[in-house]
Amino acid sequence: MQPGQKRNLLVQPLQMGAPKIELTLYLRQTSGEDNVLIEVKISDRKELHCVIAKISVVDADGRFSHTKGKGAIFIVEEDCLKFEPFVKKVELLTDESRYLINDVLFLKCELKTSFGVVFAGLENYGYGLSTTVASALPAKSTNDLKSSEEISSLYTSCSSDSLSNLENGNDCSEDCCSLCPLNIALHRLQKDGEIPDLRLTNGSRSFYVHRSILVENSPAFKKLIDENVTTKYFGLSTQYLHHILTYVYTGTVTY
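The sequence shown begins at 1 in the UniProt record's numbering and counts up by one.
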């Protein structure tokens, strides 16, 4: 493959109605070096989706190397996950017998979408839950808090007092523990005095997060959340919301 050439692969979903995943691999020269890039897109997408991808090079012994993972929320048709660079071409050519068996590069791609799984062996987390992005309501008094609850059960106050139960509020599931990377990051920020000012909920689980961090680290959240936003609906399950927030806060992809 030469710079400018592309190889496309369309991954067929297992579930009827689920979106198709398109992988594109190509070379691009950066600082005098040829780098292998991989793009992950959703084709024929008609609604917002969360995508999590983990890609590895498979060597001649079946071992994985150069593993990278990313997650993102796709809003517009042009959105994609881009591994740039995924691996340097020279790293593959240096040990061709290991990485380029018969001039073929083998990759293991683990792909998840908020609709469900796209290949066998991955847990199906379900789909169709309506997630709310809501500005937190500051509690000035007990009466104000009760009034807010009467207006909508989906809203909650987000003051220093209300954050005493932050650990329970940010649990992603019954199995989530104190070692959860997202919980660790949120508690560290809380101890540093950075109080969450935004509540993300899908009706069954709430995450108290920081608007500035979401806007800074996620172009998708930046499009969804502006200074005056009160409510925004999109379809993400609790687990996928947890996955994407973990990536935004820590830069790591969880499975």
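Ideal Cβ positions, reconstructed from N, Cα and C, are used throughout, including at glycine.
{"Item": "Burial state of Ser31 (16 or more Cβ within 10 Å)", "Value": "exposed"}
{"Item": "Thr30 - containing beta strand (DSSP E), residue span", "Value": "20 to 30"}
{"Item": "Residue interval of the alpha helix (DSSP H) (run including Thr201)", "Value": "Taken as a continuous stretch (DSSP letters only), Thr201 belongs to no alpha helix (DSSP H), being part of the beta strand (DSSP E) at 198 to 201."}
{"Item": "Minimum C-alpha distance to Ile21 - residue among Glu84, Lys222, Val11, Leu182", "Value": "Val11"}
{"Item": "For Thr221, the first and last residue of its enclosing beta strand (DSSP E)", "Value": "The sequence given here places Phe at residue 221; Thr does not occur at that position. No beta strand (DSSP E) holds Phe221; the alpha helix (DSSP H) holding it covers 219 to 224."}
{"Item": "Counterpart residues of Ala72 in DSSP-defined beta bridges", "Value": "Val51"}
{"Item": "CB-CB length for Ile38 against Leu23, believed under 8 Å", "Value": "6 Å"}
{"Item": "Simplified DSSP assignment, three categories, for Glu33", "Value": "strand"}
{"Item": "Beta-carbon proximity of Lys108 to Ile55, cut-off 9 Å", "Value": "yes"}
{"Item": "Within 9 Å, strictly: CB atoms of Ala60 and Phe83", "Value": "no"}
{"Item": "Reference Val40, options Val58, Lys68, Asn217, closest by Cα", "Value": "Lys68"}
{"Item": "Buried or exposed (CB count within 10 angstroms, at least 16 for buried), Gly126", "Value": "With a pLDDT of 29 at Gly126, under the threshold of 50, the predicted position of this residue should be treated as unreliable, and no value is reported."}
{"Item": "Inter-residue spacing [alpha-carbon to alpha-carbon] between Tyr208 and Leu198", "Value": "6 Å"}
{"Item": "When His242, Leu93, Lys191, Asn217 are compared against Pro181, the one with the closest alpha-carbon", "Value": "His242"}
{"Item": "For Asn35 and Ser65, the rounded distance between their alpha carbons", "Value": "16 Å"}
{"Item": "Anticipated Cβ contact below 8 Å, Pro196 with His210, distance rounded", "Value": "6 Å"}
{"Item": "Assigned secondary structure, Thr113 (DSSP; H/G/I helix, E/B strand, else coil)", "Value": "strand"}
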